[in-house]
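Residue numbers (my numbering), protein chains in the order written: chain A, 1 to 158; chain B, 1001 to 1197. Just so you know, even glycine gets a beta-carbon here, dropped at the ideal spot from N, CA and C. Step one of this worksheet: look at the structure below.
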Amino acid sequence: MMSIKMTNEEFERLSAIYGSDIDRWPITNRRAARDFSQKNARTAQRILDAQSSIDTALSHAPIQEANAALEKQIMQTFQTQSTASSALGLWGRLKGGTRSQTHAFPAWGVALALILVFGFVGGYGGYSYTLNQSDSTEILANAFGSDEYTLFLEDSST
Amino acid sequence: MLDNTALRQSRLINDPDSELVVRIARGDQTAAAELVKRHLSKMTALARHMLGDAAEAEDVAQEVFLKVWQNARKWEPGKAKFETWMHRVAVNLCYDRLRRRREVYTDQLPDREDPDCPAPDQSIVDAQLGIRIENAMMHLPKRQRAALTLCHLREMSNIEAARIMEISIEALESLLARGRKGLRKHLAGEVKMLLEK
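This is the structure we're talking about:
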């Protein structure tokens, strides 16, 4: 490793930048700095002492530890992002996005699906609006032909 | 886009996070959790030193990891360690917040205590000193603060810190020297008194 000759000025300059601990100085300067401080102990000590109060002060700067709640919150954000991007991916496929052309549904298919969904919801919603609750439940029971719905009808009538 | 060649390249620069990033790019939440566990404290501490505010520091840390999650695919291994990139993102997010923030710090540091009062508990002295240091740090220009934070508080090498700040070593050294000088000016008298207690 290349070692630089250390002068009084260079020692002072480096201490003003990196502080009083030579172990924290750039690795290329450490050896020369130690040699300098051995040969010029009093001068070196005076220079380092001038910087040590700032180092001590910095060592008292508040340390903020991460907490478990923050960790959990971040992970929840990832999950939300994943769900959102999955939904966007589905929407992209539905509208035939450029990234997945081969898997895109045809436009007529999307239109047909939308008509069916809105037709069913609109038709059922409009009709059920004219019925009371037990009537609409009966319609559901007939539509699904389920014993559970029949039981439910019996329970609700009592 | 990450591929095996890129991964091999990142191993060459000894990046302990590279494999996690590859998995995160594939949407692996376990890998994301591992990365959060590894680096959350560092990100929070860095942001706290830069912003002097605990809540904002947590917000920044959260934003850093969100950016990781969203951009893991775009990361190009082999150029720099992933941790360096994360620190760079954190520093830039702090710069943005400092730019937006109205500088409303008081010019006065908290009042000195009455010398006749009994000496407070050491933990209280440490906490008081911590507040004073933080106040003094907040008076420094943001780039000096970033340099001091990375080199003195996060104990990074000058090369790493310069890389994070995207500046030369000479520029970093200039910021460090001016930062230390500024800190000394703002803490004049206070530090010695508190440390002697």
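Excluding five sequence neighbours on each side, which residues of the same chain lie with their C-beta closer than 7 Å to the C-beta of residue i?
i, result
"Leu1172(B)", "Ala1147, Asn1158, Ala1161, Ala1162 and Met1165"
"Phe1082(B)", "Asp1015, Asp1017, Ser1018, Val1021 and Trp1075"
"Leu48(A)", "Ser15 and Ser20"
"Ala1032(B)", "Ile1024 and Trp1069"
"Ser1168(B)", "Ala1162"
"Ala1090(B)", "Met1043, Leu1046, Ala1047, Val1060 and Val1064"
"Leu1176(B)", "Ala1147, Leu1148 and Cys1151"
"Glu1058(B)", "Thr1044"
Which bits of chain B does residue i rub up against, with CB to CB less than 9 Å?
i, result
"Leu116(A)", "Within 9 Å Cβ-Cβ: nothing; Leu116(A) doesn't reach chain B, min ~32 Å."
Helix or strand or just coil, what does DSSP make of residue i?
i, result
"Glu1076(B)", "coil"
"Ala1188(B)", "coil"
"Ser1157(B)", "coil"
"Trp1069(B)", "helix"
"Arg1097(B)", "helix"
"Glu1058(B)", "helix"
"Asn1135(B)", "helix"
"Ala77(A)", "It is worth fixing the name first, because residue 77(A) is Thr in this sequence and not Ala. Reduced to three states, the DSSP call for Thr77(A) is helix."
"Leu1140(B)", "coil"
"Leu1109(B)", "At Leu1109(B) the pLDDT is 47, less than 50, meaning the model places this residue with poor confidence and gives no usable figure here."
"Ala50(A)", "helix"
"Asn1092(B)", "helix"
"Thr158(A)", "For Thr158(A), the predicted model reports a pLDDT of 36, less than 50, meaning its position is unreliable and no value from the coordinates is stated."
"His60(A)", "coil"
"Asp55(A)", "helix"
"Met6(A)", "coil"
Along chain A, which residues have their Cβ under 9 Å away from the Cβ of residue i?
i, result
"Leu1150(B)", "Those within 9 Å of Leu1150(B) in chain A number zero; the least Cβ separation is about 12 Å."
"Phe1082(B)", "The contacting residues do not exist; Phe1082(B) stays about 17 Å from chain A at best."
"Leu1066(B)", "Ile74, Thr77, Phe78 and Gln81"
Using a Cβ cut-off of 8 Å, pull out every chain B residue sitting near residue i, in sequence order please.
i, result
"Ser17(A)", "In the sequence as presented, Ser is not what sits at residue 17(A); that position holds Ile. Residues of chain B passing the Cβ test: Glu1173, Leu1176, Ala1177 and Arg1180."
"Leu70(A)", "Leu1040, Thr1044, Glu1058, Ala1061 and Gln1062"
Please report how far the alpha carbon of residue i lies from the alpha carbon of residue j, in whole angstroms.
i, j, result
"Trp25(A)", "His60(A)", "20 Å"
"Glu10(A)", "Met1137(B)", "26 Å"
"Glu12(A)", "Thr1030(B)", "49 Å"
"Gln79(A)", "Leu116(A)", "32 Å"
"Ser37(A)", "Thr56(A)", "21 Å"
"Val1060(B)", "Arg1097(B)", "9 Å"
"Ser1174(B)", "Arg1145(B)", "12 Å"
"Met1156(B)", "Ser82(A)", "34 Å"
"His1049(B)", "Ala32(A)", "32 Å"
"His103(A)", "Leu112(A)", "Any reading at His103(A) must be qualified, since the residue scores a pLDDT of 48, below 50, and its modelled position is unreliable; the value itself is stated next. So the two alpha carbons sit approximately 18 Å from each other."
"Tyr68(A)", "Lys1067(B)", "In the sequence as presented, Tyr is not what sits at residue 68(A); that position holds Ala. Cα to Cα, the separation comes out at about 20 Å."
"Gly1027(B)", "Thr77(A)", "13 Å"
"Asp135(A)", "Leu114(A)", "Unreliable positioning characterises Asp135(A) in this predicted model, as indicated by a pLDDT of 42, which lies under 50. A coordinate reading is not provided."
"Leu1204(B)", "Leu1040(B)", "Shown here, chain B extends from 1001 to 1197; a query on residue 1204(B) therefore has no answer."
"Arg99(A)", "Arg1073(B)", "Because the pLDDT of Arg99(A) is 47, which lies under 50, any placement of that residue in the model is unreliable, and the number read from its coordinates should be weighed accordingly. One C-alpha to the other measures close to 16 Å."
"Gln73(A)", "Met1086(B)", "19 Å"
"Arg46(A)", "Asn1071(B)", "50 Å"
"Gln64(A)", "Ala1054(B)", "7 Å"
"Ile54(A)", "Leu1051(B)", "20 Å"
"Thr1084(B)", "Asn1092(B)", "12 Å"
Interface residues of chain A around residue i at Cβ under 8 Å?
i, result
"Ala1057(B)", "Gln64"
"Leu1153(B)", "Leu58 and Ala61"
"Leu1085(B)", "According to the sequence provided, residue 1085(B) is Trp. The question's Leu does not apply to it. Within chain A, no residue comes near Trp1085(B); the closest Cβ sits about 17 Å away, beyond 8 Å."
"Asp1126(B)", "His60"
"Asn1014(B)", "The premise fails here: Asn1014(B) is roughly 17 Å from chain A at the closest Cβ pair, so nothing lies under 8 Å."
Under 7 Å Cβ-Cβ, which residues of chain A neighbour residue i?
i, result
"His1049(B)", "Ala61"
"Ala1054(B)", "Gln64"
Excluding sequence positions up to five away, which residues of its chain have a Cβ less than 6 Å from the Cβ of residue i?
i, result
"His1186(B)", "Ala1136 and His1139"
"Gln51(A)", "Ser15, Gly19 and Ser20"
"Gly1179(B)", "Leu1140, Gln1144, Ala1147 and Leu1148"
"Leu1153(B)", "His1049"
Ignore the nearest five residues each way along the sequence and tell me which others in residue i's own chain have a CB closer than 8 Å to its CB.
i, result
"Arg34(A)", "Ile22"
Q. Along the segment 1167–1189 of chain B, what residues have a CB closer than 7 Å to any CB found in chain A?
A. Glu1173, Leu1176, Ala1177, Arg1180, Leu1183, Arg1184 and Leu1187
Q: Using a Cβ-Cβ cut-off of less than 8 Å, list which residues of the segment 72–83 of chain A approach chain B; keep chain order.
A: Gln73, Ile74, Met75, Thr77, Phe78, Gln79, Gln81 and Ser82
**Q.** Proximal residues, the segment 46–68 of chain A versus chain B, C-beta separation under 9 Å
**A.** Gln51, Ser53, Ile54, Asp55, Thr56, Ala57, Leu58, Ser59, His60, Ala61, Pro62, Ile63, Gln64, Glu65, Ala66 and Asn67
Q. Looking at chain A, which residues of the segment 1018–1042 of chain B have a Cβ within less than 8 Å of any of its Cβ atoms?
A. Gly1027, Gln1029, Ala1032, Ala1033, Val1036, Lys1037, Leu1040 and Ser1041
(Q) Closer than 9 Å between beta carbons: that is the criterion. Which residues of the segment 1130–1141 of chain B meet it against chain A? (A) Gly1130, Ile1131, Arg1132, Ile1133, Glu1134, Ala1136 and Met1137
(Q) At a CB distance below 9 Å, what residues from the segment 1067–1078 of chain B approach chain A? Give them in sequence order. (A) Trp1069 and Gln1070
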